[in-house]
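Please read the structure below before turning to the comments.
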Amino acid sequence: MPSVIRAIGCKAHAALVRSDGMTKPIAGFSDAPYVSAAGEIVWIGAAPALMHPRAVVLDANTPFRLGARLQVGRLVPWQPPALALDVASRATLHEACARLARELFHIGTPRGFGAMLIGETPPFPFSGVAMRVRALSECLRACDTEAVYAAAVPLLGLGSGLTPSGDDLVGAALFMRRAMAETTVERQRWQELAARLGEVAATRSHVIGAALFCDLATGQSFASLHRMADRLAVADHDGAIDAAREVVAIGSSSGWDMLTGLVIAATGKAAHHDRAWFG
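Residue numbers for the sequence shown follow the numbering used here, so the first one is 693 and each next one is one higher.
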């Protein structure tokens, strides 16, 4: 039985159209849920919660077989929505992110860099770079892109897995700062910074991690992350909490690392309360 696609992201859709539905394995990642289509990295799985520009979500009853053609048919691909902000919604986003960070008990126990949001030192191997994360938050608050670059570079490639924790944190921070830009010129500065850091990420990680970092840093990530940012911008706290639960379920700590990056970029600081209050 051929695989049935239930939903698809815009990058995956374009790639499969170009490749006529054919995919190839990625060297060194035969066991990973990623393949190549027309030179583009594509994720294939059956979890709708992981919708992403590179995602192909299959019917769970029709598993994927390498070499089989994936027909996109007339499916309308998911596009990551732009976060349109004005002066008022930027202020709302700042306050809503701070509130979210203060009320993490609604979401779960922080993992990875998420420990910093409750005033704790993150676990090894991240404990040694906690000061660098605090420095990054200060540079983000100052909107100094050159200082952000210097603070971010040592964090890239830090951690294991398909997306290193440092990449998730830095990428999400750029995701948020780019969205909060007040002018086209400022947005372009953050876009250029994302491209520069993407070049560094490519030397610190691997082809999949580097591609996902560039997506995240340029505002093209998981649907749940986009939805969380959107709900925060309109002060829909309950909606933001629901989306945040989906975000932190991504990977071992990837979701928490992205949430942390988003919060430090929006608020300019990492710790929002201490562990005693959280407990």
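Ideal Cβ positions, reconstructed from N, Cα and C, are used throughout, including at glycine.
DSSP places TRP948 inside the alpha helix (DSSP H), whose first and last residues are 946-959.
Around the CB of GLN880, fewer than 16 other CB atoms lie within 10 Å, so the residue is classed as exposed. Contact annotation: THR952 and MET823 have beta-carbon atoms that are not nearer than 8 Å.
Burial is judged here by how many other beta carbons sit within 10 angstroms of a residue's own beta carbon; VAL727 has at least 16 and is buried.
Of the residues assessed, ALA834 falls on the exposed side of the cut-off, its CB having fewer than 16 other CB atoms within 10 angstroms. Across the structure, PHE797 and ILE697 are spaced so that their CA atoms are roughly 36 Å apart. Residue GLY863 holds the alpha-carbon nearest to the alpha-carbon of TYR841 among SER857, GLY820, GLY863, ALA729. A straight line joining the alpha-carbon of SER829 with that of GLY960 spans about 5 Å.
Contact annotation, SER897 with GLY849: C-beta distance approximately 5 Å; criterion of less than 8 Å satisfied. The C-alpha of ARG757 is placed about 21 Å away from the C-alpha of ARG766. Beta-bridge pairing by DSSP links PRO717 to VAL727.
Less than 8 Å divides the Cβ of ALA935 from the Cβ of MET920.
With respect to VAL939, SER916 sits close: the two C-beta atoms are nearer than 8 Å. Within the segment 799-868, the runs of alpha helix (DSSP H) that reach at least 4 residues and sit entirely inside it are, in chain order, 822-834, 837-844.
Put simply, the backbone Cα of HIS929 is about 11 Å away from that of GLU787.
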